[in-house]
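**Student:** First the structure, which I've put down as structure tokens, then a few questions once you've had a look.
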Amino acid sequence: MKPSTTRLAVLATAIILAAALPAAAETRIEKNLKLEPGGKLTVVSDVGSVEITGTAASGAHVVLTAKDDDLASKFDMSFEELPGEVKIVVKKKSDLTSWMSWFRTSGMAFEIQVPTKTRANVSTGGGHIKLDSLEGDATVATSGGHIEVAGLKGTLGAQTSGGHITIRNVSGDAKIETSGGHIEVDGVDGKLWGETSGGHISVKNVGKDIHVETSGGSIEISGAKGRVDADTSGGHIEVGLAKGNARGGRIESSGGSVTVALDPNVNLNLDASTSAGSVTTDVPVKVVGKVSRSEIRGTLGSGGETLTVSTSGGSVRITPIGADAI
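Under this note's numbering, think of the first position of the sequence shown as 57, with each following residue one higher.
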């Protein structure tokens, strides 16, 4: 067959297949549900992204859109008004694992406005989650998307198996976990616990203790006001402790250098060591025991809580806050 004939045959086949597919259409479902300030919003969906915004108005305004005009044949959908709660549930009626069924429902998205004082419990099997301007505890989970939370006055639990997590201005404790992305935090008044298996961690302005772990990236922490426990198996660590922070901690890397900036006027015990480099300090340390190129054990001031810093893959540097931009 000649090349031109081959191209014509391919084009004709594509036209026939396109004609066999239903024309693209969209679904839009809009609901206004009763929800007073102080109530709870629950969203449980097998697919779709979820965006929730707090407003000054009462009631829950829900808009569900999808790139499919036949959602009712594929999903059981309920929008319930319960005492003090709005509950939205979207469940598959049958198996949607084929590529065509997934393609046609992958554009599902919830946009929900609720009173600012609303607790949130959100779970989706395939999309991003975004919360903004809520006053109440929140728990969010997705199996396939990013999570973004900003302006939350309450505690936060966030988990994703396939995306990044970004947190801005949370007043309570935050526990966050991702198996496939980065973690970025700027502003948590309470304690922070974070873990990722596939990305770097960046943390700023946490008011209480920090515990973070990553198996595949670097860790950068600044403005830490509480104890810091940081562990990475695949990158460097930079930690900046706030002025007056004498809570100590454990900072460990298996694959990079470690730099810690601290207030030289605090009372701390220091235990710093490396297996593959040197340990240096620019703050006055009263050394206890032998002086070694790869190890420093001693005290700052009169001693106190212990700060342990170690690495198997680089050097360790202890520096006063303000000396470096950490």
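All C-beta atoms, glycine included, are put in the ideal place defined by N, C-alpha and C. Quick caveat, the model's predicted, so the values are computed rather than measured.
Can you tell me the Cα-Cα spacing of residue 441 and residue 248, whole angstroms?
**Tutor:** Nothing in the structure corresponds to residue 441, since the chain is present only between 57 and 382.
**Student:** Could you pull out every residue in the same chain whose Cβ sits closer than 6 Å to the Cβ of residue 315, ignoring the five residues on either side in sequence?
**Tutor:** The residue given as residue 315 occupies position 259 in the sequence shown. Apart from the 5 residues on each side of it in sequence, residue 315 sits with its Cβ closer than 6 Å to the Cβ of 294 and 373 in its chain, given in chain order.
**Student:** Along the chain, where does the beta strand (DSSP E) that runs through residue 267 open and close?
**Tutor:** Locating residue 267 in the sequence shown gives position 211, counting from the first residue. Its beta strand (DSSP E) spans residues 266-270.
**Student:** Give me whichever residues DSSP pairs with residue 133 in a beta bridge.
**Tutor:** Here residue 133 is taken as the residue at index 77 of the sequence shown, counted from 1. 146, per the DSSP bridge assignment.
**Student:** Could you pull the start and end residues of the beta strand (DSSP E) that residue 377 belongs to?
**Tutor:** For this step, residue 377 is matched to residue 321 along the sequence shown. Looking at the DSSP string, residue 377 is not in any beta strand (DSSP E), and its letter there is neither H nor E.
**Student:** Note down the Cα distance separating residue 80 from residue 259, rounded to an integer number of angstroms.
**Tutor:** Counted from its first residue, the sequence shown places residue 80 at position 24. Counted from its first residue, the sequence shown places residue 259 at position 203. Legend: pLDDT at residue 80 = 46, less than 50; position of this residue unreliable, no value from coordinates given.
**Student:** Could you tell me whether the region 121-130 touches the region 192-205, where touching means 3 or more Cβ pairs closer than 8 Å?
**Tutor:** Taking a cut-off of 8 Å for Cβ pairs, the region 121-130 and the region 192-205 do not touch, as fewer than three such pairs fall below it.
**Student:** How long is the line joining the alpha carbons of residue 159 and residue 150, rounded to whole angstroms?
**Tutor:** By 1-based counting over the sequence shown, the position of residue 159 is 103. By 1-based counting over the sequence shown, the position of residue 150 is 94. Legend: pLDDT at residue 159 = 44, less than 50; position of this residue unreliable, value from coordinates given subsequently. C-alpha separation (whole angstroms): 15 Å.
**Student:** Suppose the cutoff is 6 Å on Cβ atoms and the five residues either side in sequence are ignored; what does the same chain contact list for residue 169 look like?
**Tutor:** Within the sequence shown, the letter at position 113 stands for residue 169. Correct list, in chain order: 109, 111 and 117.
**Student:** With a threshold of 7 Å, establish whether the CB of residue 103 neighbours any heavy atom of the ligand ADP.
**Tutor:** Looking at this structure, you won't find the ligand ADP or any other ligand, since it has none at all.
**Student:** For residue 121, which residues from the same chain have a beta carbon less than 6 Å from its beta carbon, with the 5 sequence-adjacent residues on both sides left out?
**Tutor:** For this step, residue 121 is matched to residue 65 along the sequence shown. For residue 121, same chain residues with a beta-carbon under 6 Å away, outside a window of 5 residues either side, are 84 and 165 in chain order.
**Student:** Give every residue of the same chain whose Cβ lies closer than 8 Å to the Cβ of residue 338, excluding the five residues on either side of it in the sequence, and list them in chain order.
**Tutor:** Translated into positions along the sequence shown, residue 338 becomes position 282. So the list reads 373, 374, 375, 376 and 379, once near-sequence residues are dropped.
**Student:** Does the Cβ of residue 194 have 16 or more other Cβ atoms within 10 Å, making it buried, or fewer, making it exposed?
**Tutor:** Within the sequence shown, numbered from 1, the residue matching residue 194 stands at position 138. Classification for residue 194: buried.
**Student:** State the DSSP-derived secondary structure class of residue 248, mapped to helix, strand or coil.
**Tutor:** On the sequence shown, position 192 is the one that residue 248 refers to. Three-state result, residue 248: strand.
**Student:** Which whole-angstrom value is the C-beta distance of residue 256 and residue 291, which I expect to be below 8 Å?
**Tutor:** Looking up residue 256 in the sequence shown gives position 200. Looking up residue 291 in the sequence shown gives position 235. Confirmed, about 7 Å.
**Student:** Using the C-alpha atoms, what's the distance from residue 321 back to residue 360?
**Tutor:** The residue given as residue 360 occupies position 304 in the sequence shown. The residue given as residue 321 occupies position 265 in the sequence shown. Roughly 12 Å separates the two Cα atoms.
**Student:** Could you check the C-alpha separation between residue 267 and residue 274 for me, to the nearest Å?
**Tutor:** What you label residue 267 is simply residue 211 of the sequence shown in a count that begins at 1. What you label residue 274 is simply residue 218 of the sequence shown in a count that begins at 1. Cα-Cα distance, rounded: 14 Å.
**Student:** Using DSSP with H/G/I as helix, E/B as strand and the rest coil, what is residue 328?
**Tutor:** Taking the sequence shown and counting its residues from 1, one reaches residue 328 at position 272. Residue 328 falls in the strand class under three-state DSSP.
**Student:** In three-state DSSP terms, what is residue 127?
**Tutor:** On the sequence shown, residue 127 is found 71 positions in, with the first residue counted as 1. Residue 127: helix per DSSP, three-state reduction.
**Student:** What did DSSP end up calling residue 242 once you bin it into helix, strand or coil?
**Tutor:** Residue 242 sits at position 186 when you count from the first residue of the sequence shown. Three-state DSSP puts residue 242 in a strand.
**Student:** Residue range of the beta strand (DSSP E) that residue 369 falls in?
**Tutor:** Walking along the sequence shown from the start, residue 369 turns up at place 313. Neither: residue 369 is in no beta strand (DSSP E) and is coded neither H nor E.
**Student:** In this structure, does DSSP put residue 207 in helix, strand or coil?
**Tutor:** If you number the sequence shown from 1, residue 207 lands on position 151. In the structure shown, residue 207 sits in a strand (DSSP, three-state: E or B).
**Student:** If we count the other Cβ atoms within 10 Å of its Cβ and call it buried at 16 or more, is residue 132 buried or exposed?
**Tutor:** For the purposes of this step, residue 132 is taken as residue 76 along the sequence shown, with counting starting at 1. It counts as exposed.
**Student:** Going by C-alpha to C-alpha distance, which of 236, 365 and 305 sits closest to residue 334?
**Tutor:** Here the question's residue 334 lines up with position 278 in the sequence shown. Checked all of 236, 365 and 305; the closest Cα to residue 334 is 365.
**Student:** Out of 93, 102, 129 and 354, which one is the CA nearest neighbour of residue 115?
**Tutor:** Mapped onto the sequence shown, residue 115 falls at position 59. It is 93.
**Student:** If you reduce the DSSP assignment to three classes, tell me which class residue 216 lands in.
**Tutor:** Reading the sequence shown from its first residue, position 160 is the one you call residue 216. Three-state DSSP puts residue 216 in a strand.
**Student:** Within 8 Å (strictly less), CB to CB, does residue 352 reach chain B?
**Tutor:** The displayed structure is made up of one protein chain only, and chain B is not part of it.
**Student:** Which residue marks the beginning of the beta strand (DSSP E) containing residue 106, and which one marks its end?
**Tutor:** Looking up residue 106 in the sequence shown gives position 50. From DSSP, the beta strand (DSSP E) with residue 106 extends over 105-111.
**Student:** Would you list the one or two residues that DSSP bridges to residue 88?
**Tutor:** Along the sequence shown, one-based indexing puts residue 88 at 32. Its beta-bridge partners are 117.
**Student:** Tell me whether residue 172 sits in a helix, a strand or coil according to DSSP, three-state version.
**Tutor:** Numbered from 1 along the sequence shown, position 116 holds the residue referred to as residue 172. Three-state result, residue 172: coil.
**Student:** Who are the near neighbours of residue 217 in its chain, counting only those whose CB is closer than 6 Å to its CB and skipping five residues on each side?
**Tutor:** Position 161 of the sequence shown, counted from the start, is the residue given in the question as residue 217. Cβ neighbours of residue 217 beyond the five flanking positions: 199 and 235.
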